[in-house]
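Residue numbers (the numbering used here), protein chains in the order written: chain A, 1 to 100; chain B, 1 to 130.
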Amino acid sequence: MLILKTVSLGPLHGYGILLRIQQISKDRLEIQQGSLYPALYRLEHQGWITSEWGESENKRKAKYYRLTAAGKRRLQAEAEKWNQMTDVIAGILGTKPEEV
Amino acid sequence: MAGATLRRSRMESEMDAELRFHMEAYAEDLVRGGVHREEAMRRARLEFGGIERVKEEGREARGANLIDNLVQDLRYGLRMLRKNPGFTAVTVLTLALALGERGNLRACGLRVLAWPTFPRTGAPGSYLDD
Chain A
1 MLILKTVSLG PLHGYGILLR IQQISKDRLE IQQGSLYPAL YRLEHQGWIT
51 SEWGESENKR KAKYYRLTAA GKRRLQAEAE KWNQMTDVIA GILGTKPEEV
Chain B
1 MAGATLRRSR MESEMDAELR FHMEAYAEDL VRGGVHREEA MRRARLEFGG
51 IERVKEEGRE ARGANLIDNL VQDLRYGLRM LRKNPGFTAV TVLTLALALG
101 ERGNLRACGL RVLAWPTFPR TGAPGSYLDD
């Protein structure tokens with residue numbers, strides 16, 4: 001979900017995705033570099049993102065990923081599920097003894 | 001079947017290029033932050049936990065794709081076998097020979113000149129007791 005959200009902001013290559021996640025999480029989230037690519041390949045295989053070779057800022061060949069239309073819908077669905085879940089958990093955690 | 005292998009090797013080299021770009025970009029950032037080039041490369045390699053393992057996991061993540069290819073290959077192979085019954089018979093006989101189905105072959109009227117040797121495992125009444 002985090003990768004989908006990151007890529008929704010604009011096409012990025014793998015390293016860029018890593019940096020962007022760190023940046024928008026205000027350095028609170030760090031992804032293990034080794035697990036990034038299996039995740040990207042899986043998402044691509046599922047059709048949520050698509051890739052194409054392009055040129056990086058320093059004129060080197062890099063593979064850029066961007067969100068597909070299906071990926072956008074998937075992101076919205078996942079975000080909604082997440083919000084619902086946090087609601088439920090917040091409700092449980094906020095339960096007082098006398099409410100049980 | 002050659003198509004699948006070609007596709008796979010292209011995927012491999014693309015993965016290689018992709019990972020190398022990432023590692024170098026990461027190392028360059030480290031260098032920009034004041035780390036020595038060699039140390040930066042070492043750290044970049046470490047972070048990736050060994051390129052081979054990353055590629056392996058990448059392959060697994062694409063596993064479904066490879067399984068599709070394998071299924072396609074199997075289907076093609078079966079179709080070919082069905083079209084060539086003579087070839088199939090030879091294949092079956094060869095496999096039977098390799099597995100040691102001696103009774104079967106004798107029934108087919110074949111005399112085998114040399115049996116493949118297996119390491120002795122010794123359990124009485126075992127496969128090798130002949």
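Glycine residues also receive a C-beta, built at the ideal position from the N, C-alpha and C atoms.
Residue i, DSSP secondary structure in three states
| i | result |
| --- | --- |
| Ile89(A) | helix |
| Ser51(A) | strand |
| Arg66(A) | strand |
| His133(B) | In the structure as shown, chain B begins at 1 and stops at 130. Residue 133(B) is therefore absent and cannot be evaluated. |
| Lys61(A) | strand |
| His13(A) | strand |
| Gly131(B) | This structure gives no information on residue 131(B), because the portion of chain B shown stretches from 1 to 130. |
| Asn84(B) | coil |
| Ser183(A) | The structure shown does not extend to residue 183(A), since chain A is modelled only from 1 through 100, so no value can be given for it. |
| Glu30(A) | coil |
| Ser103(A) | Any property of residue 103(A) remains undetermined from this structure, which presents chain A solely from 1 to 100. |
| Ile3(A) | helix |
Span separating the alpha-carbon of residue i from that of residue j
| i | j | result |
| --- | --- | --- |
| Met23(B) | Leu36(A) | 12 Å |
| Lys26(A) | Arg8(B) | 38 Å |
| Ile89(A) | Gln76(A) | 20 Å |
| Ser51(A) | Gln33(A) | 18 Å |
| Arg42(A) | Glu18(B) | 15 Å |
| Gln23(A) | Leu29(A) | 9 Å |
| Tyr76(B) | Thr94(B) | 21 Å |
| Gly94(A) | Met85(A) | 14 Å |
| Leu78(B) | Gly33(B) | 59 Å |
| Glu47(B) | Ala69(A) | 33 Å |
| Pro97(A) | Gly91(A) | 13 Å |
| Leu70(B) | Val100(A) | 55 Å |
| Asn83(A) | Gly16(A) | 27 Å |
Rounded distance between the beta-carbons of residue j and residue i, thought under 8 Å
| i | j | result |
| --- | --- | --- |
| Leu67(A) | Leu4(A) | 6 Å |
| Trp48(A) | Arg74(A) | 5 Å |
| Leu30(B) | Arg43(B) | 6 Å |
Proximity to residue i [Cα-Cα], best of the options
| i | options | result |
| --- | --- | --- |
| Asn58(A) | Leu81(B), Met41(B), Phe21(B), Arg8(B) | Phe21(B) |
| His45(A) | Met85(A), Leu18(A), Gly71(A), Glu78(A) | Gly71(A) |
| Ala27(B) | Leu74(B), Arg10(B), Glu18(B), Arg45(B) | Arg45(B) |
| Tyr65(A) | Ala39(A), Ile31(A), Ile24(A) | Ala39(A) |
| Asp16(B) | Glu56(B), Lys83(B), Ala40(B), Met41(B) | Glu56(B) |
Close-in-space but distant-in-sequence residues of the same chain around residue i (CB under 8 Å, 5 per side omitted)
| i | result |
| --- | --- |
| Arg20(A) | Thr6, Leu9, Leu12 |
| Lys63(A) | His13, Gly14, Ser51, Glu52, Trp53, Gly54 |
| Val35(B) | Arg43 |
| Ser13(B) | none |
| Leu6(B) | none |
| Lys61(A) | Trp53, Gly54, Glu55 |
Own chain residues within Cβ distance below 7 Å of residue i, not counting five before or after
| i | result |
| --- | --- |
| Arg37(B) | Val31 |
| Ile31(A) | Leu18, Ile21 |
The ligand MN heavy atom lying under 7 Å from the CB of residue i
| i | result |
| --- | --- |
| Leu19(A) | The ligand MN is absent from the structure shown, which contains no ligand whatsoever. |
Own chain residues within Cβ distance below 6 Å of residue i, not counting five before or after
| i | result |
| --- | --- |
| Glu39(B) | none |
| Glu80(A) | none |
| Ser126(B) | Note that Ser126(B) scores a pLDDT of 48, beneath 50, so its modelled location is shaky; the value from the coordinates is reported in the next line. So no residue of the chain qualifies. |
| Glu78(A) | Met1 |
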